[in-house]
Every structure is written in structure tokens, then in C-alpha cells.
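Under UniProt numbering, think of the first position of the sequence shown as 1, with each following residue one higher. The structure appears below as C-alpha cells.
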Amino acid sequence: MSSPTIAIVEDEIAIAENYRDALRRSGYQVNLYHTRPDALAAFQQRLPDLAVIDVGLGAEIEGGFELCRELRAMAPTLPILFLTARDSELDIISGLRLGADDYLTKDISLPHMQARISALLRRVSVMQSKGSDEEVITQGDLQLDVSRLHCHWKGEPVDLTVTEFWIVHALAKRPGHVKSRSQLMEAARVVLDDNTITSHVKRIRRKFQTVDSHFDAIATAYGMGYRWQV
């Protein structure tokens, strides 16, 4: 089995090469791209197993956001991680709204970054190797196909990222039970803060409401977390 391929889209060549060398030492195949057009052209030919994207790419101040939007349209479940110097709450929320699974700032240590990448890749692997007894979960109007990472509501597809899929999966498996933000974080197999979990839940609700304007299956238990109500 070949090692996962990671695409790094970073306009500062020295930083990109530093990340590449560290990840290669961990056994990953790594491809570097320094502009959005170069990365997009490569992705249209062959998708990586995970993408690490900077927000600012050369003259394109928000080129990374645009690339994330383009890549997410091509591959709804591909793990996408932002790694950027931009640490404002607005930038973080923007990245997550565009479908990124994680958002890291460049002051993060290399071992921490590698741990987050490993967690994202492991989630995909675990989901794809689920046993047949859990391949499809049906809860009222919700249907989750775990082996294919597909979600349907009232027969209509809902495009969820890997992180979003895990969160819905955790809630829907035990309807009526409140899941704290830390439990949802654990279910998503990613280290996020409470505000980030809140942003993911809001985005999930919006996606379901696009299919069904009356969707209200994810209820907030104030001060505690969220629950799936049938």
C-alpha cells in the first residue's frame, strides 16, 4: 500500500520545503505548489490524499480561500487543512465555512502539525474500513453511508466534509443524547476549540437547511453541547 500523498500550497519556498522535508521523513509523499493556478491544474489531473493550504498565495491575498472552495467542489470529503500566519477569528471562521477540516497557524510546532495531519488521514482510513454492520445508518429522514462517506436527508444528498460527517455520525448514532463539544471533537478525531466546533455545527445546519428549510434535527443544549432530535 503506497503512502499518502500530501499537497502543500505555500508561496514562501523555504517554509514549504521545510514542511515537505519533515513530512517526507515521516513517510509521506509530498508535492509542493507555490501558486493557486499551479495547484489547481495539478488537482484537476490527480487529487492528493490531503491538502495543506496557506491563505495568502503570492499576489492573491485570499488565494488559499479560493483554492479551498475549488478543491472542495471537486472532492467533498478530501481532508483540507489551512496552515497560515493569519490568525484572526474572521479568517478562521472563513476557512471553516469554505469547508476546511482544520485551521492551524504557522507558530505551531512541526510535531503538532504532523499529529493533526495524521489524525485527519486516520479518520478517512477508519471511515473507509468500518465493518458492514455500520455501513449505513438510518435515523428518520437521515441516511449516512459510512463506507462511501455519503449523507442524504429526505433522499437528497448533503455534501459534508470529513469533519462534518463525523460530527453528524456521532450525534445521529444516539439520538436524544447530548454530546459535549469535547465529545464531538473526539468523534471527529481532531483537536479543535469550542468556537471551532460551534462553527462546524452552524455550517452543518446550513447545509441541511439548503436541502430542507425546516431542518431542525440538531438541537443546542445550552451550556452542554448538542443532540440529535428525531
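The beta-carbon is built from N, C-alpha and C at its ideal position, and this holds for glycine as well. Nothing here was measured: the structure is a model prediction, and the numbers come from that model.
For G99, the number of other beta carbons within 10 angstroms of its own is at least 16, and it is reported as buried.
Less than 8 Å separates the beta-carbon of A39 from that of V9.
Beyond the five residues adjoining it in sequence on each side, L96 comes within less than 6 Å, by CB distance, of S199 in the same chain, given in chain order. Taking every protein chain shown into account, the CB of D107 has fewer than 16 other CB atoms within 10 angstroms, so this residue is exposed. With 16 or more neighbouring CB atoms inside 10 Å of its own CB, D54 falls in the buried class.
In the three-state reduction of the DSSP assignment, T35 falls in the coil class, being assigned neither a helical nor a strand state. Here T210 is exposed, its C-beta having fewer than 16 other C-beta atoms within 10 Å. Rounded to whole angstroms, the gap between the alpha carbons of S94 and F82 is 11 Å.
Per DSSP, the beta-bridge partners of P157 are H152. The alpha-carbon of V158 is positioned some 23 Å away from that of R122. Look at the segment 158-230 and you find these whole runs of beta strand (DSSP E), each 3 residues long or longer: 218-221, 225-228. Closest by C-alpha distance to H169, out of E156, K154, M185, S213, is M185. By the Cβ neighbour-count rule, G225 is buried, with 16 or more other Cβ atoms within 10 Å of its own. Within its own chain, the residues whose Cβ lies closer than 7 Å to the Cβ of D91, once the five positions on either side in sequence are excluded, are V55, listed in chain order.
Positions of the beta strand (DSSP E) runs, each at least 3 residues long and wholly inside the UniProt domain "Response regulatory" (5-121), are given as 5-9, 29-33, 50-53, 80-84, 102-105 in order along the chain. Counting other Cβ atoms within 10 Å of its Cβ, R174 stays below 16 and is therefore classed as exposed. As computed with DSSP, V136 is found in a beta bridge with D145. Residue L171 holds the alpha-carbon nearest to the alpha-carbon of V201 among P76, I6, E66, L171.
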